[in-house]
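Encoded as structure tokens, the structure appears first; notes follow it.
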Amino acid sequence: MEAVALAALLALVAGLSMPLGAWLASRRDEPAPINHAITAFGGGALISAVALVLVPEGAANLPAWASFLLLIAGGLTFYAVDRLVAKSGGAGAQLLAMLLDYLPEAAALGAMIVIDRATAWVLAAMIFLQNLPEGYSAFRDVLRSGTIPKNRALALFFALALIGPICAVVGLLFLADQRGILGGIMIFAAGGILYLVFQDVAPAANDTTDARPALGAVAGFALGLAGYLAAG
């Protein structure tokens, strides 16, 4: 029972940085170059999650052919989802990318409580730091669509943070001994993140007159690398 409580608590704390980032975005509208840099920072953090956590950890527990097919399937699935979102006139690609990063990592966090508790603490800190800029950018993306009022959007981000503990408990109770299933979820999510980053996140951060977005992407990846090295 203590392990279940710890998994839920760590995932909740890690997830609360999403509404924290959203709240920061709601306080003031930064100049465009700063917003672009923050969006790129979140994109860099997402790519680091794919390259350093989701793909290597997922592929380690799957046959090569399954990893390949699941990565492609994730990209194609979220291509279809992105098209549906676009046709409905709404935004939310960055929100999808953030959740695709957070939820599988929360499940992995829960499983890690059983496998290596010290690494679980480091992973929780890494998720918290990644979610902060991702929450900031995703909130601005949602507000730009004009479909959800600001206060309701903030409540949505708080509600989404509560899904993480559920995923962590599922990971702890059911996936710690089912590495193949957990690996498949992680690889599938990685494919979706790759599609959404290059289709929606990177273009939103692009600014040919300013180098800060590109440097922000490097900093975001460096953050993920620091967490990965600390966990290793």
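Just so it is clear: in the sequence shown, position 104 is 767 by this note's numbering, and no numbers are missing. We put the beta carbon where it would ideally sit given N, CA and C, even for glycine. Values in this document were obtained by computation on a predicted structure and should not be read as measured data.
Starting from the Cα of residue i, find the closest Cα among the options and give me that residue.
i, options, result
"P696", "L888, A874, A889, L892", "A874"
"R807", "G721, L758, L669", "L758"
"A771", "A839, T702, L732, R746", "A839"
"L687", "M849, N814, G890, L886", "N814"
"I735", "G887, I848, D804, L747", "I848"
"A822", "G879, T782, L762, G737", "L762"
"L669", "A885, A723, C830", "C830"
"A671", "P866, R691, G809, A783", "A783"
"Q841", "L786, T702, L725, L878", "L725"
"L673", "G707, G706, R690, A781", "A781"
Let's see if you can read the secondary structure: which residues bound the alpha helix (DSSP H) around residue i?
i, result
"I844", "842-859"
"G705", "695-712"
"I811", "That residue, I811, is in no alpha helix (DSSP H); it is neither H nor E in DSSP."
"V748", "727-750"
"V832", "826-833"
"D764", "756-778"
"A671", "665-678"
"A722", "718-722"
Can you list, in chain order, the residues of its chain whose CB lies under 8 Å from that of residue i, leaving out five sequence neighbours each side?
i, result
"A666", "I776, V777, L835"
"A760", "L709, E797, A801, G855, I856, L859, V860, D863, V864"
"L888", "S711, L715"
"I811", "V805, L819"
Run the CB neighbour count on residue i, radius 10 Å, all protein chains shown included, and call it buried at 16 or more, exposed below.
i, result
"G843", "exposed"
"V896", "Shown here, the chain extends from 664 to 895; a query on residue 896 therefore has no answer."
"D779", "exposed"
"R803", "buried"
"P682", "buried"
"L892", "exposed"
"A723", "exposed"
"A816", "buried"
"G809", "exposed"
"A685", "buried"
"A787", "buried"
Beta-carbon within less than 6 Å of residue i's beta-carbon, same chain only, minus the 5 sequence neighbours each way: which residues are those?
i, result
"V718", "A853"
"S850", "According to the sequence as given, residue 850 is Ile; it is not Ser. Same-chain partners within the cutoff: G721, S730, L733, L734."
"G879", "A700, A703, F704"
Here's a check: name, in chain order, each residue in its chain whose Cβ is nearer than 7 Å to the Cβ of residue i, leaving out the five neighbours to either side.
i, result
"A774", "G834, L835, L838, A839, L845"
"G738", "G854, G855, L857, Y858"
"V832", "V667, A670, A671, G773"
Spell out whether any CB of chain D is found under 9 Å from the CB atom of residue i.
i, result
"S808", "Given the protein chain composition of this structure (a single chain), no chain D is represented."
Please indicate yes or no: does the CB of residue i lie closer than 8 Å to some heavy atom of the ligand ZN?
i, result
"G773", "The ligand ZN is not part of this structure, which contains no ligands at all."
Check: Do the segment 792-802 and the segment 673-680 make contact, defined as three or more Cβ pairs closer than 8 Å?
Finding: yes
Next item on the list: Determine contact between the segment 739-752 and the segment 853-865, defined as no fewer than three beta-carbon pairs at a distance below 8 Å.
Entry: yes
Check: Do the segment 757-772 and the segment 821-835 meet, that is, are 3 or more Cβ pairs less than 8 Å apart?
Finding: yes
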